[in-house]
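A short worksheet on the structure shown next.
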Amino acid sequence: MTILNDPVSAKLGDRAQLSYIASQAADARLNVELETEGMTLNIGPQHPATHGTLRIIARLDGEQVLWAEPSCGYMHRGYEKLTEVRSFPQVTSLINRIDWLGSFANEVPFILAAEKLMGVEAPPRAQWIRTILFELSRIANVSLFLGDLGVQLGAITPVFMAFRDREYVLNLIESATGGRFHPNFDRIGGLKDDLPAGWIDETKVVMKKLRNFCDEIESLLFGNEIFQSRTRGIGVIPRDIAMQYGLSGANLRASGVDWDLRRDQDSPMAWNKVDFKVWTHPDGDSFARCWVRLQETREATKIVDQLLDGIPAGPVMAKVPKIIKVPEGEAWVSTENPLGEMGYYVVSRGDSGPFRVKIRSASFNNISITPWLLRGVYVPDIITILASLYFILGDIDR
Amino acid sequence: MVNQLSSPAETTPVVDTVRDQVLADVQAALGTAVVDSLVKPGDDIWIRVSTLSWNESMKKLQAMGFDYFCFLSAIDWMPSPFGRGEDDPTEPAPERDTTIRPGYTGGDTRMQMLVRLVNSRTHVGINVKADVPNETYTVDSIANVFAGANWHEREAHEMFGIGFVGHPDLRNMYLPTDFEGFPMRKDFPLLARMVKPWPGIVDVEPLPGGDAEPEEAS
Chain E
14 MTILNDPVSA KLGDRAQLSY IASQAADARL NVELETEGMT LNIGPQHPAT HGTLRIIARL
74 DGEQVLWAEP SCGYMHRGYE KLTEVRSFPQ VTSLINRIDW LGSFANEVPF ILAAEKLMGV
134 EAPPRAQWIR TILFELSRIA NVSLFLGDLG VQLGAITPVF MAFRDREYVL NLIESATGGR
194 FHPNFDRIGG LKDDLPAGWI DETKVVMKKL RNFCDEIESL LFGNEIFQSR TRGIGVIPRD
254 IAMQYGLSGA NLRASGVDWD LRRDQDSPMA WNKVDFKVWT HPDGDSFARC WVRLQETREA
314 TKIVDQLLDG IPAGPVMAKV PKIIKVPEGE AWVSTENPLG EMGYYVVSRG DSGPFRVKIR
374 SASFNNISIT PWLLRGVYVP DIITILASLY FILGDIDR
Chain R
1462 MVNQLSSPAE TTPVVDTVRD QVLADVQAAL GTAVVDSLVK PGDDIWIRVS TLSWNESMKK
1522 LQAMGFDYFC FLSAIDWMPS PFGRGEDDPT EPAPERDTTI RPGYTGGDTR MQMLVRLVNS
1582 RTHVGINVKA DVPNETYTVD SIANVFAGAN WHEREAHEMF GIGFVGHPDL RNMYLPTDFE
1642 GFPMRKDFPL LARMVKPWPG IVDVEPLPGG DAEPEEAS
């Protein structure tokens, strides 16, 4: 066995070759230390600014990043494999845990894909309640982002406000579904239950509180000079690059792409019954991404308000067989989740469970741009850029 | 406020002129590279391109407006020899039919690539498949066309054992470097299900949609 392919080491034995490599490496290290050429900075996997266990390895030259690469996989749970041994109704309890801040939104595209394959359509009332809960999970998810954003820039107050107001939304989700974090409420053909009494009025009050929260964050954080100087013109993503990397959600719209799956795609959900604005920003920098998310949260509260006024009467569950068998076929359904486009490519073989499920999660694509984006930035900006890209670890690793 | 959703029969057209036109355009642009195609009206488009034209087809599709890269993955069409992981580990494993049967737009090989691209102006998506040769499990990388495919190909490489010619850096993303086997292949056993028997569906929750009649397996 030869380890090295140069004429010097070809004459040496394995052990000699290894010691040769070790001595070369030691020399190289010494040279680096003397010339102070650069250093490798390891951020994470446990770090207050990384929502979970994302590890970033950055090669620095002084204060500037030469290259940086996220290291994923600390939370890989193999959901694509696990779905292959689950039945269709069981899968929702798994995929709840992909993006754990907006759990209900994860269930919807999968259920819609299964319904598409089965040719079942949920009754109107179920679709409206689904859409309301979907938007509530968006608010629960993004409001935490807005608070967390402050923390990552050194401001402590916004996160307390975010947790305070997010609690109201979680309480609503809990009273409707029974689960604060993982509702597992969506069923093939409808919903598990109808809304509890008094829920609609309560939700309207909470939506008002959340709009106040958005106003507070906007004046407190977005108007702040330090915040603006830390985010404006930092981490700019041009439109073409965003499209190539498959960025989605607010990250894409902040690069000036006017594209929202809620508006631009046929869906059985009730989004086409309400009037809402899709916010975009032409700059593509960290500020734009944060700003678009703030506007979207406010828009979501308005969507919920409109939907609450028009919930149709009727059952919340279509007639579906007790033992669900999905006919053979392939289906792709994606929705505009809090983090971006989340979709499931479901292949069924006429069995009680799926044959193959490809989970297209938003954060995986969104974070895959970081090696490109972090090149040449300053170390403190790594944190700002990652914060503005907004990822959930479970959504990257699945 | 409108509170009437139209039934699926009304919304699903029998002929989808938009997607038929898109498919005709794609076939005109790619020529003989398109091996097979399928349009489901009101739903989606599937095409299968030849393995050799994989990279070239992506370039042409990008040039004709499919500029949004949604995802890349692979499908192992061999049914799992372990079934749905419901075997009793103390009994000898039953014989299972593992004949490879491809899905939409057919296929001749066990593994297939699957890419979804979307036209950012018309918002029409297309699912592009390509066979992965059984002998080599290797296709061309498309990371030079869509930069986002880089990570997706790394994932497909470690999970399915598919090689990508021309990929800049095929390191593992999730698995340890010395991990053996390809977890997403159907013949890779799910060990948790092998050592402890699955109790099966023990109770079926009554559904709130009235008394849905129990429909047994046909």
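Just so you know, the protein sequences line up as chains E and R, in that order. Counting in the numbering used here, the final residue of the first sequence is number 411, and the numbers go up one at a time with none missing. Counting in the numbering used here, the final residue of the second sequence is number 1679, and the numbers go up one at a time with none missing. Here a beta-carbon is modelled for each residue, glycine too, at the ideal position from N, C-alpha and C. Just so it is clear, the structure is predicted and the values come from calculations on it, not from any experiment.
DSSP three-state label for residue i, please.
| i | result |
| --- | --- |
| Asp253 (chain E) | helix |
| Phe1530 (chain R) | strand |
| Asn225 (chain E) | helix |
| Ser232 (chain E) | helix |
| Ile152 (chain E) | helix |
| Ser361 (chain E) | strand |
| Ala126 (chain E) | helix |
| Arg1654 (chain R) | helix |
| Trp1507 (chain R) | strand |
| Ile1587 (chain R) | strand |
| Met330 (chain E) | strand |
| Tyr92 (chain E) | helix |
| Asp1592 (chain R) | strand |
| Tyr181 (chain E) | helix |
| Tyr1565 (chain R) | coil |
Considering only DSSP beta bridges, list what residue i is partnered with.
| i | result |
| --- | --- |
| Ile1536 (chain R) | R:Gln1573 |
| Gly1624 (chain R) | R:Thr1599 |
| Leu73 (chain E) | E:Met52 and E:Val78 |
| Ser1581 (chain R) | Beta-bridge pairing links Ser1581 (chain R) to no other residue. |
| Leu204 (chain E) | E:Asp199 |
| Thr348 (chain E) | E:Met355 |
| Pro83 (chain E) | E:Ile69 |
| Ile372 (chain E) | E:Tyr357 |
| Ser1498 (chain R) | R:Ile1508 |
| Phe343 (chain E) | For the sequence presented, residue 343 (chain E) should be read as Glu rather than Phe. For Glu343 (chain E), which the question treats as bridged, DSSP gives the partners E:Val360. |
| Val305 (chain E) | Answer is none; Val305 (chain E) lacks a bridge partner. |
Can you pull the chain R neighbours of residue i, defined as C-beta to C-beta under 7 Å?
| i | result |
| --- | --- |
| Glu343 (chain E) | Gly1564 and Tyr1565 |
| Arg369 (chain E) | Ile1536 |
Leaving out five residues before and five after residue i in sequence, what residues of the same chain have Cβ atoms less than 6 Å from its Cβ?
| i | result |
| --- | --- |
| Thr1638 (chain R) | none |
| Pro393 (chain E) | none |
| Ile1508 (chain R) | Val1495, Ser1498 and Val1589 |
| Ile1561 (chain R) | Trp1538, Met1539 and Arg1571 |
| Asn1580 (chain R) | Gly1526 and Phe1527 |
When the Cα of residue i is compared with those of the options, which residue comes out closest?
| i | options | result |
| --- | --- | --- |
| Leu1578 (chain R) | R:Asp1648, R:Ala1524 and R:Val1475 | R:Ala1524 |
| Ser381 (chain E) | E:Leu67, E:Lys338, E:Ala38 and E:Asn55 | E:Leu67 |
| Met282 (chain E) | E:Ile405, E:Glu134, E:Gln257 and E:Lys222 | E:Glu134 |
| Phe1607 (chain R) | R:Lys1647, R:Gly1526 and R:Thr1570 | R:Gly1526 |
| Leu1533 (chain R) | E:Leu402, E:Arg302, E:Ala263 and E:Ser374 | E:Ser374 |
| Ile336 (chain E) | E:Asp364, E:Val317 and E:Pro351 | E:Asp364 |
| Arg275 (chain E) | E:Glu231, E:Gly353 and E:Ala210 | E:Gly353 |
| Val1656 (chain R) | R:Arg1480, R:Leu1484, R:Val1479 and R:Glu1552 | R:Glu1552 |
| Ser1514 (chain R) | R:Gly1567, R:Tyr1635 and R:Val1593 | R:Val1593 |
| Leu1575 (chain R) | R:Ser1602, R:Thr1583 and R:Thr1560 | R:Ser1602 |
Which chain R residues sit within Cβ distance under 8 Å of residue i?
| i | result |
| --- | --- |
| Met10 (chain E) | Nothing about residue 10 (chain E) can be read from this structure; chain E reaches only from 14 to 411. |
| Asp277 (chain E) | His1584 |
| Asp410 (chain E) | Tyr1635 |
Near residue i, what residues of its chain come up, given a Cβ to Cβ distance below 8 Å and the 5 sequence neighbours on each side ignored?
| i | result |
| --- | --- |
| Val1463 (chain R) | Low confidence applies here, because Val1463 (chain R) scores a pLDDT of 38, under 50, leaving its location unreliable and the question unanswered by this model. |
| Pro136 (chain E) | Gly203, Gly327, Pro328, Val329, Met330 and Ala331 |
| Leu162 (chain E) | Pro171, Leu234, Cys303, Ala400 and Ser401 |
| Ala81 (chain E) | Ile69, Ile70, Ala71, Arg72, Thr383, Pro384, Leu387, Arg388 and Ile395 |
Can you determine whether any heavy atom of the ligand GDP sits closer than 6 Å to the C-beta of residue i, and answer yes or no?
| i | result |
| --- | --- |
| Arg1562 (chain R) | This structure lacks the ligand GDP, and indeed carries no ligand of any kind. |
Which same chain residues, not among the five before or five after residue i, have their C-beta less than 7 Å away from its C-beta?
| i | result |
| --- | --- |
| Val1476 (chain R) | Pro1502 |
| Glu1471 (chain R) | Reliability of the predicted coordinates at Glu1471 (chain R) is poor, the pLDDT of 48 falling under 50, and no value is obtained from them. |
| Lys1520 (chain R) | Val1606 |
| Pro344 (chain E) | What sits at residue 344 (chain E) in the sequence shown is Ala, not Pro. Only Ala126, Lys129, Leu130 and Val359 meet the Cβ criterion. |
| Pro295 (chain E) | Gly269 |
| Leu149 (chain E) | Val182, Leu185, Ile186 and Val317 |
| Asp1558 (chain R) | Pro1540 |
| Arg245 (chain E) | Asp298 and Phe300 |
List, in chain order, every chain R residue whose beta-carbon is nearer than 9 Å to that of residue i.
| i | result |
| --- | --- |
| Glu349 (chain E) | Per Cβ cutoff of 9 Å: no residues; Glu349 (chain E) is ~12 Å from chain R at best. |
| Asn378 (chain E) | Phe1530, Cys1531, Phe1532, Gly1609, Trp1612 and His1613 |
| Cys227 (chain E) | Under the 9 Å cutoff, chain R gives no residues; its nearest Cβ is about 24 Å from Cys227 (chain E). |
| Cys85 (chain E) | Trp1612, Met1634 and Tyr1635 |
| Lys94 (chain E) | Met1620, Pro1644, Met1645, Phe1649 and Leu1651 |
What in chain E is Cβ-close to residue i, meaning under 9 Å?
| i | result |
| --- | --- |
| Arg1545 (chain R) | Glu97, Val98, Arg99, Ser100, Asp364, Ser365 and Gly366 |
| Leu1652 (chain R) | The contacting residues do not exist; Leu1652 (chain R) stays about 11 Å from chain E at best. |
Mind checking if residue i is an interface residue toward chain C, Cβ cutoff 7 Å exclusive?
| i | result |
| --- | --- |
| Met1634 (chain R) | Absent from the structure: chain C. Protein chains present are E and R. |
Quick one: list the residues of chain E neighbouring residue i, beta-carbon separation under 7 Å, in chain order.
| i | result |
| --- | --- |
| Asp1505 (chain R) | Trp345 |
| Arg1571 (chain R) | Result: empty, since nearest Cβ-Cβ is about 13 Å, beyond 7 Å. |
Along chain E, in chain order, which residues have C-beta atoms closer than 8 Å to that of residue i?
| i | result |
| --- | --- |
| Asn1605 (chain R) | In chain order: nothing, as chain E lies at least about 11 Å away. |
| Leu1575 (chain R) | Tyr358 and Lys371 |
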